[in-house]
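Take a look at the structure below.
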Amino acid sequence: MRTSTAFSVSAALILLPVAAIAANWQPVAVAGGERVEIDKARIMRFATGKTVAWTRLILGRELADAGGSYTAVQAMNRYDCENHQFATLQRVYMGGPNHDRALREETVASPKVRASPSLASGRAANRSCVPPATRRLSASGLAAS
1 MRTSTAFSVS
11 AALILLPVAA
21 IAANWQPVAV
31 AGGERVEIDK
41 ARIMRFATGK
51 TVAWTRLILG
61 RELADAGGSY
71 TAVQAMNRYD
81 CENHQFATLQ
91 RVYMGGPNHD
101 RALREETVAS
111 PKVRASPSLA
121 SGRAANRSCV
131 PPATRRLSAS
141 GLAAS
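Positions 1 to 145 (our numbering) are the ones given, in order, by the sequence shown.
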């Protein structure tokens with residue numbers, strides 16, 4: 001594991017307990033009773049053009065697992081903003097009526113995948129890669145084209 005990747009994962013894992021309390025889930029996509037959200041409180045941007053952000057898939061139903069039934073899956077993803085790719089680093093399977101009880105966690109050795117703009121992964125990549133100030137300017141129509 002490269003130093004920057006190790007740092008990204010370490011920083012995200014250290015921030016997890018604190019950030020979970022102050023989560024700021026924002027909708028990214030809704031389809032077929034499932035919802036994808038991004039936690040704006042846990043977007044970490046790095047000078048290398050990469051970001052690490054947490055997303056959550058709310059299933060709209062319970063799925064059985066060895067640790068209990070889960071209703072949502074949180075994923076820590078690393079986005080390569082320049083190349084429009086992402087890789088999942090960690091998943092946390094959540095249960096409970098508010099999706100707030102961690103049932104099981106797993107580290108993932110996911111290959112980089114293209115973040116297609118038409119899919120939830122591409123929308124999450126866009127939200128995590130665009131700095132907040134730029135996003136506000138674009139929304140108000142003040143950003144240069």
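Every residue gets a Cβ at the ideal spot worked out from N, C-alpha and C, and that includes glycine.
Within the same chain, show all residues whose beta-carbon is closer than 7 Å to that of residue i, passing over the 5 residues directly before and after it, in chain order.
i: Arg123; result: Val28 and Ala29
Here's the rule: buried if 16 or more other CB atoms are within 10 angstroms of the residue's CB, otherwise exposed. What is residue i?
i: Asn77; result: buried
i: Arg127; result: buried
i: Ala72; result: buried
i: Gln26; result: exposed
Distance, Cα to Cα, residue i vs residue j?
i: Leu59; j: Ala75; result: 13 Å
i: Ala19; j: Arg101; result: Residue placement at Ala19 cannot be trusted, given a pLDDT of 43 that sits under 50; what the coordinates show is reported in the next sentence. Their Cα atoms are separated by approximately 15 Å.
i: Ser116; j: Tyr93; result: 24 Å
i: Asp80; j: Lys112; result: 9 Å
i: Thr55; j: Met44; result: 13 Å
Near residue i, which residues of its chain fall below 8 Å by C-beta distance, leaving aside the five closest residues on each side in sequence?
i: Ala66; result: Arg104
i: Glu34; result: Leu57, Ile58, Leu59 and Gly60
State the beta-bridge partners of residue i as determined by DSSP.
i: Pro27; result: Glu37
i: Arg56; result: Glu37 and Gln74
i: Asp80; result: Lys50 and Gln85
i: Gly96; result: None; Gly96 has no bridge partner.
i: Ala102; result: Met94
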